[in-house]
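As structure tokens, the structure follows; a few thoughts come after it.
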Amino acid sequence: MKNKLRTIFNVVEEVNLLDSKDEANLALLKRPELGITFTKLHCWRLTQFEKCVFLDADTLVLRNCDELFEREELSAAPDVGWPDCFNSGVYVFRPSLETFSNLMQYAVTNGSFDGGDQGLLNSYFSDWAHKDIAKHLPFIYNTSSVASYSYLPAFKQFGQNTKILHFIGTAKPWLQNFNSESRKVYIPGGYQHLANFLQYWWDIFCEDVHSRLSADMAGLAGSISNVKLGEPRTPEQARSEELIRRQSWETGNADYAGRDAFKHIWDRIQKTLDD
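The letter at position 132 of the sequence shown is residue 132 when you use the UniProt record's numbering, and the numbering goes up by one with no holes.
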């Protein structure tokens with residue numbers, strides 16, 4: 001997978017805390033509960049770049065956002081849960097080994113009020129809420145899928161201007177059921193407002209990602225590579241799709257409104273008992 005990524009991206013950096021011998025590993029020994037948090041902080045070590053924009057893996061860029069590089073550290077959009085905090089899914093920062101070291105030390109000493117990177121970064125950059133309004137990114141640069149549901153009228157009015165969508169929670173595209181034959185994603189109840197975005201993510205996956213996957217890849221990537229897009233399902237493909245569905249179930253992302261609805265589970269139990 002790493003070699004495939006290198007054909008697309010200029011720089012691919014592997015972050016593996018368990019194998020590192022640097023201060024991040026030493027800090028992890030003191031605060032093991034912050035392991036994932038420490039992983040994100042490694043972006044400050046990309047000192048070959050003057051300025052960067054961090055994007056969470058569950059974001060989708062819809063329009064060119066080059067103007068973000070005109071912002072200064074730490075620029076971010078308000079969090080929908082507590083707008084005096086910024087959401088750490090998208091932020092502008094300046095790589096610096098000094099900042100990285102300070103963040104690590106702060107994490108060890110103070111921890112994170114929410115147990116994750118967002119709490120830690122908001123505590124470290126504690127003046128974000130009041131010091132410089134220029135560091136407050138408009139919501140269109142980190143439009144939360146949760147906010148689009150809770151304030152649907154505003155989403156309908158301004159959503160077409162969204163530049164970066166953030167699939168928070170269970171709204172992530174790869175957790176939804178996808179029909180490989182029709183290339184259409186099944187939109188569960190409560191996510192209808194995200195239908196176009198979820199389908200767009202899958203369109204990109206089908207066109208630009210799927211063909212680069214191979215069966216020798218580990219985990220879900222290898223399973224998905226066996227799925228033939230736009231063709232009738234073969235027995236092998238059915239097994240691959242069943243594996244993908246089962247992995248979603250085991251991670252707590254069952255399709256309760258569709259295939260995994262109670263009625264279907266009960267019908268399966270009844271059939272098993274009858275047999």
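Beta carbons are placed, not taken as given, at the ideal position from N, Cα and C, and that holds for glycine. All figures in this text were calculated on a predicted structure; none of them were measured in a lab.
I want to know whether the stretch 86-94 touches the stretch 52-71 - three or more CB-CB distances under 8 Å.
yes
Is the beta carbon of serine 145 sitting closer than 8 Å to the one on leucine 175?
no
Determine, using beta carbons only, whether isoleucine 140 and threonine 109 come nearer to each other than 8 Å.
no
Taking the straight line between their C-alpha atoms, what separation do you get for alanine 257 and glycine 81?
Note that alanine 257 scores 49 on pLDDT, short of 50, meaning its location in the model is unreliable; the coordinates nonetheless yield the value given after this. Straight-line Cα distance between these residues: approximately 26 Å.
Exposed unless 16 or more other CB atoms sit within 10 angstroms - verdict on leucine 18:
The pLDDT assigned to leucine 18 is 46, lower than 50, so where the model puts this residue is not dependable, and the model offers no usable value.
In whole angstroms, give me the CA-to-CA distance for leucine 229 and aspartate 56.
27 Å
Contact belief for leucine 60 with leucine 103 at Cβ below 8 Å, rounded distance in angstroms
Leucine 60 to leucine 103, Cβ: 27 Å. No contact.
Whole angstroms is fine: what's the gap from glycine 219's alpha carbon to serine 225's?
11 Å
Enumerate in chain order the residues of its own chain whose CB-to-CB distance from tyrosine 124 is below 8 Å, with the five nearest sequence positions on each side excluded.
Asn102, Leu103, Tyr106
Assuming contact is defined by CB atoms lying nearer than 8 Å, are tryptophan 128 and phenylalanine 86 in contact in what I supplied?
yes
In angstroms with no decimal places, state the Cα-to-Cα distance between glutamine 157 and phenylalanine 205.
28 Å
To which residues of the same chain is alanine 134 closer than 8 Å at the C-beta, ignoring the five residues directly before and after it?
Arg71, Glu72, Ser75
Tell me, which residues are paired with serine 144 by DSSP?
His166
Looking at the structure shown, is leucine 18 part of a helix, part of a strand, or coil, going by DSSP?
At leucine 18, the pLDDT of 46 sits below 50, so the modelled position is not reliable; the number obtained from the coordinates is stated separately. Leucine 18: coil per DSSP, three-state reduction.
Tell me the residue span of the alpha helix (DSSP H) that contains leucine 194.
No alpha helix (DSSP H) contains leucine 194, which DSSP labels as neither H nor E.
Which residue wins for smallest C-alpha separation from glutamine 199, given the options Ser211, Glu98, Tyr186?
Tyr186
Let's see if you can read the secondary structure: which residues bound the alpha helix (DSSP H) around valine 108?
97-110
Flag this pair as yes or no: are the beta carbons of alanine 77 and leucine 137 separated by less than 8 Å?
yes
What is the rounded straight-line gap between the Cα of aspartate 66 and the Cα of glutamate 50?
14 Å
Does chain D have any CB closer than 8 Å to the CB of threonine 47?
The chain labelled as chain D is not found in the depicted structure, where only one protein chain is given.
Consult DSSP for histidine 130 and reduce its assignment to one of helix, strand or coil.
coil
Out of Asp58, Gln192, Thr7, which has the shortest C-alpha to C-alpha gap to lysine 172?
Asp58
Just the Cα atoms here: how many angstroms apart are phenylalanine 197 and threonine 99?
35 Å
Would DSSP call valine 209 helix, strand or coil?
helix
Do leucine 97 and threonine 143 have their C-beta atoms closer together than 8 Å?
no
Whose CA, out of Ser88, Asp208, Phe113, Gly189, lies closest to the CA of isoleucine 168?
Ser88
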